[in-house]
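Student: Below is the structure I would like to discuss, written out as structure tokens.
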Amino acid sequence: MRTESSKEGSERFIVTIIRKDAALVARLRKGLLDWYDGQGRDLAWRRGERDPYRVWLSEVMLQQTTVPHATPYYEKFLSLWPTVRDLAAADDARVMAEWAGLGYYARARRLLECARAVVREHGGEFPRSEAELLALPGFGPYTAAAVAAIAFGEAANVVDGNVERVMTRLYAIETPLPAGRAAVRDVAAQWIAAERSGDWPQALMDLASLICRPRAPQCLLCPLAEACEARPLGDPERFPVKLAKPPKPRRFGTAYILRLGEAIIVEQRPDKGLLGGMLGLPHSEWREKPDEARPPLDGDWRDLGAYQHVFTHFALTQNVRLRDVTQAEADELLRARNDWRWLPLTEARSLPTVFAKALTLMKP
Ligand code: SF4
77 MRTESSKEGS ERFIVTIIRK DAALVARLRK GLLDWYDGQG RDLAWRRGER DPYRVWLSEV
137 MLQQTTVPHA TPYYEKFLSL WPTVRDLAAA DDARVMAEWA GLGYYARARR LLECARAVVR
197 EHGGEFPRSE AELLALPGFG PYTAAAVAAI AFGEAANVVD GNVERVMTRL YAIETPLPAG
257 RAAVRDVAAQ WIAAERSGDW PQALMDLASL ICRPRAPQCL LCPLAEACEA RPLGDPERFP
317 VKLAKPPKPR RFGTAYILRL GEAIIVEQRP DKGLLGGMLG LPHSEWREKP DEARPPLDGD
377 WRDLGAYQHV FTHFALTQNV RLRDVTQAEA DELLRARNDW RWLPLTEARS LPTVFAKALT
437 LMKP
């Protein structure tokens, strides 16, 4: 037994967590691995040999999206860049364009940085230990532990939101996250063992995805139910406990679609800052209050409506305006702005989601 004390904002939480009997943990651990052998998910990155490049790529993609959404991106990346050396040699803009739709472009930039560091500093082979992996660009504690465990069989403690959900339920941890994370890591470590150390995090992830789901967990089917403390309390969905988040601040802006036939004008965004280095639609400054911005060209603009987009730090309400331009107007605009260029509408998929949404308001 141990007492956990942690602080969240102005509140201090003191929670007693009772560790589980080692023999029970060993027996249920085996039970979960047996369940995983029979009913685990067939995922693209689990097929074939365990290749650290594939494990890493899938883990980075899965940090921000779901398995069904990430799978086609994963397969496309592997077909374009089958090895870490291929990715390291890739054109930055092409990688960014292929990443569009996966969100958080900073992560794609770190992906490239990391691939290049693996080639430059490790001869094209990922280092094998959690500690060495953690030193690579873009590797946080979760990714380092996941690659070390899944690709190299290190008995690493892999803790993400899924594992947090299972562990906070198994031990009925009342400390709200994120303050309760140290307690979660501590109890998760009780289940780590050398045997099948690479399968264990994957079995836990599958349990979290198929059985111990955020809503309506299937406790009757759960191989860990015997040790679960949340279940007898009658409301396992209550875990993990989270403090209410303050609402995100809202900003307002207008995106401009300048169209000539089947092409539109896009801008190359500055390397630094939000959506750095990506293509985007010209838009007004995103401000805290709606205001009438001056469009990049006078004339007959059509209002197409507005849409919502949520960034990490703010929510955006964006109006969309369309103007069909003549060749002469476009030539003048492109002469004045060397960061603007044409993009065929057939390549609109390469735009970040916040701008791709604007194009969906255009009638065919
Ligand atoms: S018994 Fe239910 S709540 Fe507990 S770990 Fe299993 S699925 Fe989750």
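For the sequence shown, the residue numbers in my numbering are 77 to 440.
For glycine and all other residues, C-beta sits at the position ideal for the given N, C-alpha and C.
Grab me the residues of Cys67's own chain with a C-beta within less than 8 Å of its C-beta, minus the 5 sequence neighbours each way, in chain order.
Tutor: There is no way to answer for residue 67, as the model of the chain reaches only from 77 to 440.
Student: By the 10 Å Cβ neighbour count, where 16 or more other Cβ atoms means buried, how is Arg78 classified, buried or exposed?
Tutor: Here Arg78 scores only 48 on pLDDT, less than 50, and its place in the model should not be relied on; the value that follows carries that caveat. Arg78 should be labelled exposed.
Student: Return the first residue and the last residue of the beta strand (DSSP E) that Pro420 is part of.
Tutor: Unbroken beta strand (DSSP E) run through Pro420: 416 to 420.
Student: To the nearest angstrom, report how far apart Leu210 and Cys190 are at their CA atoms.
Tutor: For Leu210 and Cys190, the distance between alpha carbons rounds to 11 Å.
Student: Give me every residue whose Cβ sits closer than 7 Å to any heavy atom of ligand 1, in chain order.
Tutor: Taking each Cβ in turn, the ones that pass are Val242, Arg245, Leu246, Ile287, Cys288, Pro293, Gln294, Cys295, Cys298, Leu300, Ala301, Cys304, Ala306, Arg307, Pro312.
Student: Taking the alpha-carbon of Leu350 as reference, which of Thr330, Phe387, Glu151 has the nearest alpha-carbon?
Tutor: Checking every option, the nearest Cα to that of Leu350 belongs to Phe387.
Student: Do Val396 and Ala331 have their C-beta atoms within less than 8 Å of each other?
Tutor: Yes, these two residues count as a Cβ contact at 8 Å.
Student: Out of Ile268, Met172, Arg95, which one is the CA nearest neighbour of Ala248?
Tutor: Of the listed residues, the one whose Cα sits closest to Ala248 is Arg95.
Student: Determine whether the beta carbon atoms of Met354 and Met172 lie at a separation below 8 Å.
Tutor: For Met354 and Met172, yes; Cβs fall inside 8 Å.
Student: How do the region 94 to 110 and the region 195 to 208 stand: do at least 3 beta-carbon pairs fall below 8 Å, yes or no?
Tutor: The region 94 to 110 is not in contact with the region 195 to 208.
Student: For Pro420, is the classification buried or exposed, using 16 other Cβ atoms within 10 angstroms of its Cβ as the cut-off for buried?
Tutor: Exposed: under 16 other Cβ atoms inside 10 Å.
Student: Going by the CB atoms, is the gap between Glu135 and Ala223 shorter than 8 Å?
Tutor: This sequence places Val at residue 223; Ala is not what is there. The answer is yes: Cβ separation under 8 Å.
Student: Can you tell which of Ala232, Gly177, Pro144, Tyr129 has the C-alpha that lies nearest to the C-alpha of Ala164?
Tutor: It is Tyr129.
Student: So if DSSP puts Gln344 in a beta bridge, which residue, or which two residues, is it bridged to?
Tutor: Its beta-bridge partners are Leu355.
Student: According to DSSP, Gln384 sits in a beta bridge with which residue or residues?
Tutor: Gln384 pairs with Thr393.
Student: Tell me the start and end of each unbroken alpha helix (DSSP H) in the region 99 to 143 that is at least 4 residues and wholly inside, in chain order.
Tutor: Within the region 99 to 143, the complete alpha helix (DSSP H) runs of at least 4 residues are 128 to 138.
Student: Verify whether the separation of the beta carbon atoms of Glu151 and Ala120 is less than 8 Å.
Tutor: Yes, these two residues count as a Cβ contact at 8 Å.
Student: Work out the CA separation of Arg417 and Glu343 for me, nearest whole Å.
Tutor: Taking the straight line joining both Cα atoms gives about 6 Å.
Student: For Phe202, which beta-bridge partners are listed by DSSP?
Tutor: Phe202 is not bridged to any residue.
Student: Quick one: is Glu338 buried, meaning 16 or more other Cβ sit within 10 Å of its Cβ, or exposed?
Tutor: Exposed, by the Cβ-count rule.
Student: Can you tell me which of Ala320, Arg326, Leu409 puts its alpha carbon nearest to the alpha carbon of Leu336?
Tutor: Considering only alpha carbons, the answer is Leu409.
Student: So, is Gly381 buried or exposed, given that buried needs 16 or more other C-beta atoms within 10 angstroms?
Tutor: The residue is exposed, with fewer than 16 neighbouring Cβ atoms inside 10 Å.
Student: Select from Asp127, Pro371, Ala259, Glu208 the residue whose C-alpha is nearest the C-alpha of Val401.
Tutor: If we check each option's Cα against that of Val401, Pro371 comes out closest.
Student: Identify the continuous beta strand (DSSP E) that holds Ala331 and give its terminal residues.
Tutor: Start and end: 326 to 336.
Student: How many Å lie between Ser273 and Arg126 at the Cα?
Tutor: Each residue's Cα considered, the two are about 13 Å apart.
Student: Name the DSSP bridge partner or partners of Leu398?
Tutor: Its beta-bridge partners are Ile333, Arg378.
Student: Tell me whether His359 is buried or exposed, calling it buried when 16 or more other Cβ atoms sit within 10 Å of its Cβ.
Tutor: By the neighbour-count rule (16 or more Cβ atoms within 10 Å), His359 is buried.
Student: Which residue marks the beginning of the alpha helix (DSSP H) containing Met438, and which one marks its end?
Tutor: Counting along the chain, Met438 falls outside any alpha helix (DSSP H), and DSSP gives it neither H nor E.
Student: Can you tell me whether DSSP reads Leu212 as helix, strand or coil?
Tutor: Residue state, collapsed to three classes: coil.
Student: What whole-angstrom Cβ distance do Val239 and Leu280 have, given they're in contact under 8 Å?
Tutor: Sure, about 5 Å apart at Cβ, within 8 Å.
Student: According to DSSP, is Ala292 helix, strand or coil?
Tutor: Here Ala292 sits in coil by DSSP.
Student: Would you say Thr251 reaches chain D, if we count a Cβ-Cβ gap shorter than 8 Å as a contact?
Tutor: Of the protein chains in this structure there is only one, and it is not chain D.
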